[in-house]
Amino acid sequence: MLYHDTVESEVLVHKPWFIGCIFAIVLAVFLIFNVAGTTMGELLRPVIGDHAQVKFYSRIAIAFVIAAMFCLNLVLIGFVPLKIQIGIVWFELVLL
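In this text, residue positions in the sequence shown follow our numbering: the first is 368, and each later residue adds one.
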């Protein structure tokens, strides 16, 4: 017989320290790789300018935008029920 889960716990993705740590890790990972020639780099070209002229600045800007979008995605998905979370994550995976 299955029992209804009555355990109430705090959602980890709503804690600022956790999101800050994830942001720092994602930012560091994307600073290591040069993603200026990717689709995200092309989308940010009007903001950044030519990648050949501002190499390190473009890396910082693109990594910052990716880290911010990733963390915002985590926080927003944390607010919806589990069944909808699963659907959203599968939809995002299909878009990749």
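Beta carbons: idealized from backbone N, C-alpha and C, even for Gly.
Taking 8 Å as the threshold (C-beta atoms), are residue j and residue i in contact?
{"i": "V393", "j": "I433", "result": "yes"}
{"i": "L411", "j": "A428", "result": "yes"}
Distance check for residue j and residue i, CA to CA, integer angstroms please.
{"i": "V461", "j": "A395", "result": "26 Å"}
{"i": "M407", "j": "K450", "result": "30 Å"}
{"i": "S376", "j": "I415", "result": "42 Å"}
{"i": "L441", "j": "D417", "result": "31 Å"}
{"i": "F437", "j": "Y370", "result": "34 Å"}
{"i": "F385", "j": "S425", "result": "26 Å"}
{"i": "K382", "j": "A419", "result": "38 Å"}
{"i": "P413", "j": "F458", "result": "28 Å"}
{"i": "P448", "j": "L439", "result": "17 Å"}
{"i": "T373", "j": "F446", "result": "18 Å"}
Sorted by chain position, which residues of the same chain lie with C-beta nearer than 6 Å to residue i's C-beta, five sequence neighbours on each side aside?
{"i": "A391", "result": "none"}
{"i": "G454", "result": "none"}
Use the C-beta contact count for residue i: other C-beta atoms within 10 angstroms, 16 or more gives buried, fewer gives exposed.
{"i": "I399", "result": "exposed"}
{"i": "A430", "result": "buried"}
{"i": "A397", "result": "Per the sequence shown, the amino acid found at residue 397 is Phe instead of Ala. So F397 ends up on the buried side."}
{"i": "A403", "result": "buried"}
{"i": "C388", "result": "exposed"}
Keeping to the same chain, check which residues put their C-beta closer than 7 Å to that of residue i; ignore five residues upstream and five downstream.
{"i": "K468", "result": "Residue numbering for the chain in the displayed model covers 368 to 463; residue 468 lies beyond these limits and cannot be assessed."}
Tell me which residues share the same chain as residue i and place their Cβ nearer than 8 Å to its Cβ, disregarding the 5 neighbours each side in the sequence.
{"i": "I444", "result": "V380, Q452, I455 and V456"}
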